[in-house]
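**Q** Input: one structure, supplied below.
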Amino acid sequence: MSLIVQKYGGSSVADATSVRRVARRIVETKRAGNDVVVVVSAMGDTTDELLDLATEVSPNPPGRELDMLLTAGERISMAVLAMAIHDLGEEGRSYTGSQAGLITDSAHGAARIIDVTPGRIRHAIAEGAIPIVAGFQGVSYESKDITTLGRGGSDTTAVALAAALGADVCEIYTDVDGVFSADPRVVPAARQVPLIAHEEMLELAAAGAKVLHLRCVEYARRSEIPIHVRSSFSDRQGTWVVDLTQPLPDIVPIAGGTPVEQPIIAGVAHDLNDCKITVVGVPDRPGEAALIFTAVADAGVNVDMIVQNVSVEETGLTDVTFTCPVASRQVALDALTAAQELVGYRDLRSDDGIAKISLVGAGMRSHPGVSATFFKALADAGINISMITTSEIRISVVTSKDVAEDAVRAVHTAFGLDADGEAVVYAGTGR
Ligand code: ADP
Ligand code: ASP
Ligand code: MG
């Protein structure tokens, strides 16, 4: 008998029919002799619709109230899913994040989990019930207010619960068959990967492959919980996210054990949610970058790529360009405007029409020529690059948004990743 945590994403529970289909799957897992704990997301695009509503009401809603509003989405799906399970003759019991013991800090909209105390969930399992936990939410240990973990955070709820309960596996059910070498909505020839190492999945998630929430991968690596990403619309094997430096856990049904060598490239990711800010005419003297990025950090903005260019002419001025989430654009601009006198720059520019394209693969460490192939693929497709960064196992570039999908496809083809068949996208709007 195994303890299985199953997480169902929004597109898997988009309407009443889907809720009943998911309920059948849960009940089958239970009747096969397993203990099951379910984590569920809001139905369909509910979270986006609630966000739209909030912005219609108020341009800048308080974080506490926004979190209270958004958590309503998961409350709806957990209750209806529990009802559908009852109709099938099992006892589904719904729990909010707070009732399930998801304790967080007070950072509304981006709360971190600091403890998981799932006493009520254990109790429900012991009584033979199926606990259904609302994803993406918790309660602050300081203020006792309701918090959310950030967009896509139900994956992290699931892994955190799996870790706290000592589950054998955390299954993440979504609208595609697993993790692919690129977003199947953009690259129909994307190839499903049977196994992926934590480090590559972390880079893909950080680079915009939203199939898994970044923090859920970090959590799974730390707590050694195997993740199985798969479709709730099919019975196919999905993708296992595991530690490839260790022998695979027994639950992973891969013939031949841990593969000795992984492919050079794990995949191509794209991110359309960043913007680019340029601080123009910054005095070329020590301490300027520190002043700029302290102002931005103090405003709570996460900076991603940074480029500084010293003018070849002897103007004594440089330009500093960085990218950050488009949702933080105004906050970053306001913080920099307030710091203009201190920094002594001339002007600020910002651009929302950008995309980040990233190539990820642990094999990059030991294979020369990967960046040459990457840049040649973009050049051959006539795509202009405005920023470049690299890490040990990732190359990222900034392009304009309108060529992003062409760029992903060109790179995917250039690295020989195209599969013969077409990847299936079962549902979802891609929103
Ligand atoms: P859920 O609502 O189930 O959490 P998400 O929309 O958050 O689903 O994530 C699934 C989506 O992630 C897929 O529909 C797909 O468009 C997108 N995606 C992006 N990159 C990848 C990738 N490399 N592999 C699989 N899916 C990806
Ligand atoms: N419903 C939340 C969102 O749309 C959390 C999640 O689905 O993981 O971001
Ligand atoms: Mg998701």
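Counting from 1, position 277 in the sequence shown corresponds to residue 276 in numbering that gives the first Met the number 0; the numbering is continuous, with no gaps.
The beta-carbon is built from N, C-alpha and C at its ideal position, and this holds for glycine as well.
1) What would DSSP say about tyrosine 425, mapped onto helix, strand or coil?
2) Which first and last residues belong to the alpha helix (DSSP H) in which isoleucine 124 is found?
3) Taking the runs of the beta strand (DSSP E) that are 3 residues or longer, which of them lie wholly in the stretch 250-311?
4) Tell me which residue opens and which closes the alpha helix (DSSP H) that lysine 375 is part of.
5) How would you label serine 40, buried or exposed, when you count the other beta carbons within 10 angstroms and need 16 or more for buried?
6) Who are threonine 320's beta bridge partners in DSSP?
7) DSSP three-state call for alanine 354: helix, strand or coil?
8) Please determine whether the Cβ atom of glycine 8 lies at a distance below 6 Å from any heavy atom of the ligand MG.
9) I think aspartate 167 touches isoleucine 3, with their Cβ atoms under 8 Å apart; what is that distance to the nearest whole Å?
10) Hey, how far is the Cα of methionine 77 from the Cα of glycine 118?
11) If you draw a straight line from the C-alpha of alanine 159 to the C-alpha of phenylalanine 135, how long is it?
12) Would you grab the beta carbon distance between aspartate 174 and serine 93 for me? Rounded to a whole angstrom, and I think it's under 8 Å.
13) Locate the beta strand (DSSP E) running through leucine 2, then write down its first and last residues.
14) In chain order, what residues of the same chain have a beta carbon less than 7 Å from the beta carbon of alanine 205, not counting five sequence neighbours either side?
15) Look up threonine 439 in the DSSP assignment and say whether it is helix, strand or coil.
16) Should glycine 149 be counted as a contact of the ligand MG given a C-beta to heavy atom distance under 6 Å?
17) Going by CA-CA distance only, name the one from Arg30, Ile394 and Ala338 that's closest to valine 278.
18) Rounded to whole angstroms, what is the Cα-Cα separation between aspartate 419 and alanine 181?
19) Do the stretch 242-250 and the stretch 287-301 make contact, defined as three or more Cβ pairs closer than 8 Å?
20) Is the stretch 361-380 touching the stretch 399-412 in the sense that three or more CB pairs, one from each, lie closer than 8 Å?
21) Cβ-heavy atom distance between alanine 41 and the ligand ASP below 6 Å?
22) What three-state label does DSSP hand serine 97 in the structure shown?
23) For glutamate 199, count the other beta carbons within 10 Å of its own beta carbon; 16 or more makes it buried, fewer makes it exposed. Which is it?
24) Quick one: residues in its chain with C-beta nearer than 8 Å to the C-beta of glutamate 391, no 5 flanking neighbours on either side, listed in chain order?
25) How would you write the range of the alpha helix (DSSP H) that glycine 62 sits in, first residue to last?
**A** Taking the structure as given:
1) Here residue 425 is taken as the residue at index 426 of the sequence shown, counted from 1. Tyrosine 425: coil per DSSP, three-state reduction.
2) Against the sequence shown, residue 124 aligns to sequence position 125. Note, isoleucine 124: alpha helix (DSSP H), 118-125.
3) Qualifying beta strand (DSSP E) stretches, in chain order: 266-270, 273-282 and 305-309.
4) Counting from one through the sequence shown, the residue named residue 375 turns up at place 376. For lysine 375, the uninterrupted alpha helix (DSSP H) run begins and ends at 369-379, by DSSP.
5) To locate residue 40, count along the sequence shown from 1; it is residue 41. Buried.
6) For the purposes of this step, residue 320 is taken as residue 321 along the sequence shown, with counting starting at 1. Its beta-bridge partners are Thr277 and Val306.
7) For the purposes of this step, residue 354 is taken as residue 355 along the sequence shown, with counting starting at 1. Shown here, alanine 354 sits in a strand according to DSSP, grouped into three states.
8) Walking along the sequence shown from the start, residue 8 turns up at place 9. Within the chosen limit of 6 Å, the ligand MG reaches the beta carbon of glycine 8 through at least one heavy atom.
9) Within the sequence shown, residue 167 is the residue found at index 168, counting from 1. Within the sequence shown, residue 3 is the residue found at index 4, counting from 1. Taking a contact as a CB-CB distance under 8 Å, the pair aspartate 167 and isoleucine 3 counts as one, their CB atoms being some 7 Å apart.
10) As a first step, residue 77 is located in the sequence shown; it is residue number 78 there, counting from the start. As a first step, residue 118 is located in the sequence shown; it is residue number 119 there, counting from the start. If you draw a straight line from the Cα of methionine 77 to the Cα of glycine 118, it comes to about 18 Å.
11) In the sequence shown, residue 159 corresponds to position 160, counting from 1. In the sequence shown, residue 135 corresponds to position 136, counting from 1. Distance between the alpha carbons of alanine 159 and phenylalanine 135: 11 Å.
12) Numbered from its first residue, the sequence shown carries residue 174 at position 175. Numbered from its first residue, the sequence shown carries residue 93 at position 94. The beta-carbon distance between aspartate 174 and serine 93, rounded to whole angstroms, is 23 Å. This is too long to meet the 8 Å contact definition.
13) Here residue 2 refers to the residue found at position 3 of the sequence shown. Unbroken beta strand (DSSP E) run through leucine 2: 2-7.
14) Here residue 205 is taken as the residue at index 206 of the sequence shown, counted from 1. The residues are Leu213.
15) The shown model of the chain, from 0 to 430, leaves out residue 439, and the question about it has no answer.
16) Taking the first residue of the sequence shown as position 1, residue 149 is located at position 150. No, Cβ of glycine 149 sits at least 6 Å from all heavy atoms of the ligand MG.
17) If you number the sequence shown from 1, residue 278 lands on position 279. Per the Cα distances, Ala338.
18) Reading the sequence shown from its first residue, position 420 is the one you call residue 419. Reading the sequence shown from its first residue, position 182 is the one you call residue 181. Looking at the backbone, the Cα of aspartate 419 and that of alanine 181 are separated by about 14 Å.
19) No, because fewer than three Cβ pairs between the stretch 242-250 and the stretch 287-301 fall closer than 8 Å, the two stretches do not touch.
20) They touch, by the three-pair rule.
21) Here residue 41 refers to the residue found at position 42 when the sequence shown is read from its first residue. Yes, the beta carbon of alanine 41 sits closer than 6 Å to at least one heavy atom of the ligand ASP.
22) As a position in the sequence shown, residue 97 is number 98, starting the count at 1. Looking at serine 97 - three-state DSSP - the assignment turns out to be coil, as it is neither helix nor strand.
23) Numbered from its first residue, the sequence shown carries residue 199 at position 200. Looking at its Cβ environment, which holds 16 or more other Cβ atoms inside 10 Å, glutamate 199 is buried.
24) As a first step, residue 391 is located in the sequence shown; it is residue number 392 there, counting from the start. If we look at glutamate 391 and ignore the five residues flanking it on each side, its Cβ neighbours are Met363 and Arg364.
25) Start at 1 with the first residue of the sequence shown, and residue 62 comes out as number 63. Secondary structure note for glycine 62: its alpha helix (DSSP H) is the uninterrupted segment 62-86.
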